[in-house]
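Single-structure report; data block below.
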Amino acid sequence: MFSNTDTITITRPDDWHLHLRDGAVLDSVVADTARQFARAIIMPNLKPPVINTAQALAYRDRIRAALDRASIEQAAFTPLMTLYLTDNTSAQEVLTASESAAVHGIKLYPAGATTNSDAGVTDLLGRCAKALEAMQRLGMPLLVHGEVTDPAIDLFDREAVFIDRVMIPLRREFPELKVVFEHLTTREGVDYVRQAQGPVAATITAHHLLYNRNALFQGGIRPHWYCLPVLKRETHRQALLDAATGQSDRFFLGTDSAPHPKGLKEHACGCAGCYTALHAMELYATAFESVGRLDRLEAFASLNGPAFYGLPVNQGKLTLQRQPYSIPEELPMADSSVVPLAAGESLGWKALA
Ligand code: DOR
Ligand code: ZN
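Using our numbering, you'd call the opening residue of the sequence shown number 2 and step up by one each time.
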């Protein structure tokens, strides 16, 4: 990493948790991500979900076509595909995915946990043991949406309860399975990942580093701060900042940028998801600078993720410059628009093109 007070240059980063969607919206959202990141783990929660390798390869082709339409060279951005785990995912499908070299993880959505998760898993150890065994054997990571869906559990406690009810039993059965605890949001989650034996890591979003749950209600209800897992108390944000900027290589960048059309966010039953692809590295730099740890940004954004996934570190660089940057109020997205997180506010860093 090179830095002086006005610029930081780091190895080109990757986004280890991204929603690109499909169809006409792909064009603008993939271009936003490719401006900052060399690779991204592409979430499979489309309608219908991406449940096999053939579908993942076809989705990758549609992403590549969108890159072409945006005049972005294929070499500049690599989509790392994932499958959506279902009760019926077979060991053979895991093998096919592994041999494809295109699929880099299989995502666990507990059924009903979030956007397009209806086809998710109802009973992980009961229904998916053969797939999990194959994943462990082949080194295929399980990417986890770590929240229980039990309506009796308070929304703010669902990650902590997931650790007890799902993570601990899962890792007792499959101690060598690679697991990424996606979009970690709690102190309990940080403590669990830090002390876990075996190959466990976690992604952390920019919004969970920058905001606590007060942001949802500041001056009125603010749907653009609503995501799942929901923002938590300040003590949890502090634990996440500590983890992201600390010495452990188990924590790395995953934006969970999740675009929804403006009208479906500003709605009586608004969708979960914050759009951060446009300004991800500026948001992360702001969070790291808030605790005087810009020196740790490169490890978090560019080094720890490839090490866990067993991929090479990127060759290119990304430079951030200290300059005022006004976040646009909204951006065109297909025949609608998307409101980026913290729209209309100003940041102190700008990524150079
Ligand atoms: O806020 C979220 N939005 N959390 C998720 O887990 C899914 C995502 C989406 O796809 O919109
Ligand atoms: Zn997500």
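Positions of the beta carbon are idealized from the N, C-alpha and C atoms, including for glycine.
Quiz item: Considering only residues of the same chain and omitting the five flanking positions on each side of R70, which have a CB-CB separation below 7 angstroms?
Solution: D28
Quiz item: If you run the structure through DSSP and keep just helix, strand and coil, what is Q16?
Solution: Note that residue 16 is Asp in the sequence shown, not Gln. D16 falls in the strand class under three-state DSSP.
Quiz prompt | Contacts around A207, its chain only, beta-carbon distance under 7 angstroms, and the 5 residues preceding and following it disregarded | solution = T256, T277, A281, L284, Y285, A288
Self-check item: Every unbroken alpha helix (DSSP H) inside the region 261 to 312 [4 residues or more]
Solution: 263 to 266, 281 to 291, 305 to 310
Quiz item: Hey, would you say the C-beta of T206 is under 7 angstroms away from at least one heavy atom of the ligand DOR?
Solution: no
Quiz item: Going by C-alpha distance, which of V180, E235, H268 is nearest T187?
Solution: E235
Quiz item: What three-state label does DSSP hand V122 in the structure shown?
Solution: strand
Self-check item: P325 to H261 span [Cα, whole Å]
Solution: 27 angstroms
Quiz item: Is A300 buried or exposed, if buried means 16 or more other CB atoms sit within 10 Å of its CB?
Solution: buried
Quiz prompt | Opposing strand residues paired with G106 [DSSP bridges] | solution = T83
Practice problem: Give the C-beta separation of D15 and P307 to the nearest angstrom, bearing in mind that I take them to be a contact with Cβ-Cβ under 8 angstroms. | Solution: 7 angstroms
Exercise. Sort out for me which residues DSSP pairs Q322 with in a bridge.
Key: T8, K351
Self-check item: beta-carbon D257 near the ligand DOR non-hydrogen atom, thresh 7 angstroms
Solution: yes
Practice problem: Measuring alpha carbon to alpha carbon, tell me which of R294, L211, G247, V292 ends up nearest A343. | Solution: L211
Self-check item: Assigned secondary structure, V201 (DSSP; H/G/I helix, E/B strand, else coil)
Solution: strand
Quiz item: How would you write the range of the beta strand (DSSP E) that S338 sits in, first residue to last?
Solution: 337 to 339
Exercise. Could you tell me which residues DSSP puts in a beta bridge with L47?
Key: Answer is none; L47 lacks a bridge partner.
Exercise. Spatial neighbours of S327 within its chain, please: CB distance less than 7 angstroms, with the 5 preceding and 5 following residues excluded, ordered by chain position.
Key: S347
Exercise. Could you check which residue in D250, M334, L353 has the C-alpha nearest to that of Y310?
Key: D250
Practice problem: Indicate whether the contact test is met: 3 or more Cβ pairs, each with one atom in the region 237 to 244 and one in the region 52 to 63, closer than 8 angstroms. | Solution: no
Quiz item: Pick from P176, V31, S72: whose alpha carbon is nearest that of I64?
Solution: V31
Quiz prompt | heavy atom of the ligand DOR below 7 angstroms from L279 C-beta | solution = no
Quiz item: Could you check where the alpha helix (DSSP H) with P170 kicks off and where it finishes?
Solution: 169 to 174
Quiz item: What's the call for L125, buried or exposed, on a 16-neighbour Cβ count within 10 Å?
Solution: buried
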